[in-house]
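Participant: My questions all concern the structure below.
Numbering (our numbering), first residue to last: 174 to 308.
Rendered as structure tokens:
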């Protein structure tokens with residue numbers, strides 16, 4: 174698998190800009206994982222996430238954010254009830270008519286440390302990335 178850039182720093186305005194970009198481009202999706210080095214459940218799904226990200230087509234934008242480094246973004250999404258804790262992965266797909274007053278609402282997510290839930294999430298994410306990829 175080819176090497177790819179993974180975003181490791183992100184704030185809410187940058188996330189909103191990324192979502193607007195995937196909507197405008199129409200051929201990319203965004204996967205945003207929240208984690209922390211001290212989080213045991215995060216470590217239990219780390220290999221599944223690493224494998225999942227490496228199998229996602231190159232048209233997916235991947236961000237892996239340590240909540241200790243981006244607490245403001247994490248807390249914003251938590252206040253909006255988009256996540257309940259870590260580990261979690263949120264995914265946005267291109268939309269033509271997204272309501273930008275609610276830009277933060279993802280199209281898909283996994284909000285647990287369940288390995289089967291993560292495997293299923295990555296299957297859906299790969300399928301969606303394959304579907305929207307321009308040839």
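For every residue, glycine included, the Cβ atom is placed at its ideal position computed from N, Cα and C.
Since this is a predicted model, take the numbers as computed values, not measurements.
Considering only their Cβ atoms, is the gap separating residue 240 from residue 207 smaller than 8 Å?
Facilitator: Position 34 of the chain shown, counted from the first residue, corresponds to residue 207. Position 67 of the chain shown, counted from the first residue, corresponds to residue 240. In this structure, residue 240 lies closer than 8 Å to residue 207 by Cβ.
Participant: Just checking my contact of residue 246 with residue 238 at CB under 8 Å: how many whole Å lie between their CB atoms?
Facilitator: Residue numbering aside, residue 246 sits at position 73 when the chain shown is read from its first letter. Residue numbering aside, residue 238 sits at position 65 when the chain shown is read from its first letter. Right, the Cβ-Cβ distance comes to about 7 Å (below 8 Å), so this counts as a contact.
Participant: Could you give the first and the last residue of the continuous beta strand (DSSP E) run that contains residue 206?
Facilitator: Here residue 206 refers to the residue found at position 33 when the chain shown is read from its first residue. Where residue 206 is concerned, the enclosing beta strand (DSSP E) stretches over 202 to 208.
Participant: What are the boundary residues of the beta strand (DSSP E) that includes residue 234?
Facilitator: In the chain shown, residue 234 corresponds to position 61, counting from 1. Unbroken beta strand (DSSP E) run through residue 234: 233 to 239.
Participant: Going by DSSP in three states, residue 263 sits in which element: helix, strand or coil?
Facilitator: Stepping through the chain shown from its first residue, residue 263 is reached at position 90. Three-state result, residue 263: strand.
Participant: Roughly how many whole angstroms lie between the Cα atoms of residue 193 and residue 288?
Facilitator: What you label residue 193 is simply residue 20 of the chain shown in a count that begins at 1. What you label residue 288 is simply residue 115 of the chain shown in a count that begins at 1. Their Cα atoms are separated by approximately 31 Å.
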